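J.: Quick note, the sequence shown lines up with residues 0 to 439 if you use numbering that gives the first Met the number 0.
Yeah, the Cβ is synthetic: ideal placement off N, Cα and C, and Gly gets one too.
Because the structure is a prediction, the values reported are computed rather than measured.
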Amino acid sequence: MRVAMIGTGYVGLVSGACFSDFGHDVVCVDKDASKIERLEQNIMPIYEPGLDALVEKNVKAGRLAFTTDLAKAVPGADAVFIAVGTPSRRGDGHADLSYVYAAAEEIAAAITTYTVVVTKSTVPVGTGAEVEAIIQKVRPDLKPGVHFSVASNPEFLREGAAIDDFKRPDRVVVGAQDDKARETMKELYRPLYINETPIVFTNRVTSELIKYAANAFLATKITFINEMADLCEKVGANVQQVAKGIGLDGRIGSKFLHAGPGYGGSCFPKDTLALVRTAQQHESPVRIVEQVVEINADRKKAMINRVRAMAGGDLSGKTIAVLGLTFKPNTDDMRDSPSLDLVPALIDAGATVRAHDPEGMEEAKKLLPDALVYCDGPYQAMEGADIAVILTEWTNYRALDLDRVKSLLSAPKIVDLRNVYDPAQMERDGFEYSSIGRPT
Ligand code: UGA
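(1) Cβ of R250 versus every heavy atom of the ligand UGA: is any distance shorter than 7 Å?
(2) At what residues does the beta strand (DSSP E) containing I110 begin and finish?
(3) Would you tell me roughly how many angstroms separate the C-alpha atoms of R440 and R427, rounded to the nearest one?
(4) Under 7 Å from any heavy atom of the ligand UGA, does the C-beta of G6 make it?
(5) Candidates P268, A218 and D248: which alpha carbon is nearest F255's?
(6) Just the C-alpha distance for I45 and D169, rounded to the nearest angstrom, thanks.
(7) Between which two residues does the beta strand (DSSP E) containing S433 stretch?
(8) Taking 7 Å as the line, does the beta carbon of F155 fall inside it for any heavy atom of the ligand COA?
(9) Can you find a CB in chain C that lies within less than 8 Å of the CB of V137?
(10) Considering only residues of the same chain and omitting the five flanking positions on each side of Y378, which have a CB-CB separation below 7 Å?
(11) I need the straight-line Cα distance from Y100 to M4, nearest angstrom please.
(12) Provide the residue span of the alpha helix (DSSP H) that contains D20, from first to last.
(13) In the DSSP assignment, the alpha helix (DSSP H) including D51 goes from what residue to what residue?
(14) Just the Cα atoms here: how many angstroms apart are R37 and A16?
(15) Got a sec, what are the start and stop residues for the alpha helix (DSSP H) S33 sits in?
(16) Only counting runs of 3 or more residues, tell me where the beta strand (DSSP E) segments fall wholly within the region 297-363, in order along the chain.
(17) Can you determine whether any heavy atom of the ligand UGA sits closer than 7 Å to the C-beta of S265, and answer yes or no?
(18) Do the region 74-89 and the region 112-120 meet, that is, are 3 or more Cβ pairs less than 8 Å apart?
(19) Should E158 be counted as a contact of the ligand UGA given a C-beta to heavy atom distance under 7 Å?
(20) For V145, which of helix, strand or coil comes out of DSSP?
(21) According to DSSP, which residues form a beta bridge with I413?
(22) Given a cut-off of 8 Å on the beta-carbon distance, is the pair R417 and G259 in contact?
(23) As a quick exercise: from G11, V25 and G6, pick the residue whose alpha carbon is nearest that of A0.
(24) For I5, write down the residues that DSSP places opposite it in a beta bridge.
(25) Should the region 94-108 be regarded as contacting the region 126-141, the criterion being three or more beta carbon pairs within less than 8 Å?
(26) Can you give, in chain order, each stretch of the beta strand (DSSP E) that sits fully within the region 152-228 and has at least 3 residues?
(27) Let me check understanding here. Comparing Cα to Cα, which of S33, T112, V145 and A82 lies closest to N152?
(28) From E195 to A160, what distance separates their C-alpha atoms?
(29) If we call anything under 8 Å between Cβ atoms a contact, is H23 one with L187?
(30) Look at the Cβ atom of F165, then the Cβ atom of G264, and state whether they are nearer than 8 Å.
(31) Just confirm the distance between the C-beta atoms of G323 and L371, as a whole number of angstroms; I'd bet it's less than 8 Å.
(32) Let me check understanding here. Comparing Cα to Cα, which of C266, A52, D248 and T205 lies closest to P86?
(33) On the CB-based measure, 16 or more other CB atoms within 10 Å of its CB, does S14 come out buried or exposed?
(34) Look up Y373 in the DSSP assignment and say whether it is helix, strand or coil.
(35) Rounded to a whole number of angstroms, what is the C-alpha to C-alpha distance between D385 and N225?
(36) Less than 7 Å between the CB of T201 and some heavy atom of the ligand UGA, yes or no?
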């Protein structure tokens, strides 16, 4: 099948590369000429394990190409995916759909044969209908269900595990209004039938809502365990054991029950907020999600208190080593990362902050205060520091040489916001150690 992927951001690039690896002919389109040029030289705009090799392989096989010319990529395509950005609109938290609508107009003008236009970006409920209306406005000669269809096919991939998530998903969700679209989508995902991946067909609005409901549910699960962690600290319980004890109940499930500094990233914060706004607009508020948004924002701000407590109540004049800046490991993504709250707050409180991140430091430089000192490795960051804070659970922070850490820090103090180390072990090793929701 022939596929055009509009937008080479996270979702677009990974989906385009994976569809080509399924054997389809894929053209990825982006307005950013320098990005396309770099992609043609196999330079990835994002850090995602395995992506460069996948792109290289499929470009060589002639199944994957890049262009800035949407008008050339769309004619003759069986499916055109809209995978452009949908940032939160400043001020009101609604998803900004201007890129989606602009893409719909351009696609409409270029359609020559029956095409399914598919929204792959996370788009608010009702966007598919709007895209259909735009296409009809630009091209009154095209009839939905006859000359084109608009479908919804949300993506559930996680950064850092995106390729595996695309190729071995728990499920694929397709929202379509007619059989022609359903058939095309079935054909596109045929390679997944081998591993018996369930394909959930719904109408378009339902599919759009599933995406938000999934992310909001996961964000709620994390927020729930984070609050349990705080309670654990008060009553002397252990949140990891609480998570295990409840997670083994199949109705609850053990995933996404790791307590931490609050969720970040490009999806949960934006999508929970967008769902809240949509629900308010329809006068059917999702109060539980409203609370989740608020609790998570407060939590990220409150992380400094844990560092301050370790410093004996005053951070001024202290040197703090921060290990990890990205919102999670295996990505260079800094969007809504807990570090964006913690690092500036530490600096404002008068601390000197020395940080290391394996992939995120370039991005961090654009977003964090100039006063932050960037270090070549975790040990360099800890040299002469008063406290080390583990903020992102990168693998190389999970197996630190603790004797070396002890010799580098001015006093052996660690604030572990990801529960990477065992409190009993740390105590035996002579560390003053605090973590999330576990007795010390
Ligand atoms: C998330 C979803 O997991 C994907 O299914 C979805 O496709 C994606 O959003 C999206 O909408 O595009 P992602 O943002 O890449 O994926 O990252 P996650 O692994 O879900 O982590 C999100 C945040 O939650 C991170 O800050 C992570 O540290 C935090 N988290 C996650 C916890 O604090 N505890 C957990 O148990 C799990």
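T.: Working from what's here:
(1) No; taking the cut-off as 7 Å, the Cβ of R250 has no heavy atom of the ligand UGA nearer than that.
(2) Looking at the DSSP string, I110 is not in any beta strand (DSSP E), and its letter there is neither H nor E.
(3) It is not possible to answer for residue 440, since the shown part of the chain is limited to 0 through 439.
(4) Flag unset: Cβ of G6 not near the ligand UGA.
(5) When each option's Cα is compared against that of F255, the closest is A218.
(6) Their backbone Cα atoms lie some 24 Å apart in a straight line.
(7) Counting along the chain, the beta strand (DSSP E) containing S433 begins and ends at E431 to S433.
(8) Among the ligands in the structure shown, the ligand COA does not appear; only the ligand UGA can be found there.
(9) The chain inventory of the structure shown lacks chain C, comprising one protein chain alone.
(10) Once the five neighbours on either side are set aside, the close Cβ partners of Y378 are R403 and L407.
(11) When rounded, the distance between both Cα atoms is 15 Å.
(12) Element bounds for D20: Y9 to D20.
(13) Its alpha helix (DSSP H) spans residues L50 to K59.
(14) Their backbone Cα atoms lie some 15 Å apart in a straight line.
(15) Run containing S33: A32 to E39, per the alpha helix (DSSP H) assignment.
(16) Runs of the beta strand (DSSP E) lying entirely within the region 297-363, each at least 3 residues long, are 318-322 and 351-355 in chain order.
(17) Yes - the ligand UGA has a heavy atom lying nearer than 7 Å to the Cβ of S265.
(18) Because the criterion of three Cβ pairs below 8 Å is met, the region 74-89 and the region 112-120 touch.
(19) The answer is yes for E158.
(20) Three-state DSSP puts V145 in coil, outside helix and strand.
(21) The beta-bridge partner set that DSSP reports for I413 consists of A387 and Y432.
(22) In this structure, R417 lies near G259, with their beta-carbon atoms less than 8 Å apart.
(23) Checking the sequence shown, residue 0 turns out to be Met, not Ala. Sorting G11, V25 and G6 by C-alpha distance to the C-alpha of M0 places V25 at the top.
(24) The partner list for I5 (beta bridge, DSSP) reads V28 and I81.
(25) Counting Cβ pairs under 8 Å, three or more are found: they touch.
(26) DSSP runs (the beta strand (DSSP E)) wholly in the region 152-228: 171-174 and 198-201.
(27) Ranking S33, T112, V145 and A82 by Cα distance to N152 puts A82 first.
(28) Spanning the two alpha carbons is a distance of roughly 20 Å.
(29) The answer is yes: Cβ separation under 8 Å.
(30) No, these two residues do not count as a Cβ contact at 8 Å.
(31) The distance from the Cβ of G323 to that of L371 is about 13 Å, inconsistent with a contact at the 8 Å cut-off.
(32) Comparing alpha-carbon positions, the option among C266, A52, D248 and T205 lying closest to P86 turns out to be C266.
(33) Of the other Cβ atoms in all chains shown, 16 or more fall within 10 Å of the Cβ of S14; this residue is therefore buried.
(34) Reduced to three states, the DSSP call for Y373 is strand.
(35) In this structure, the straight-line span from the alpha carbon of D385 to that of N225 is close to 27 Å.
(36) For the ligand UGA, no non-hydrogen atom lies closer than 7 Å to the CB of T201.
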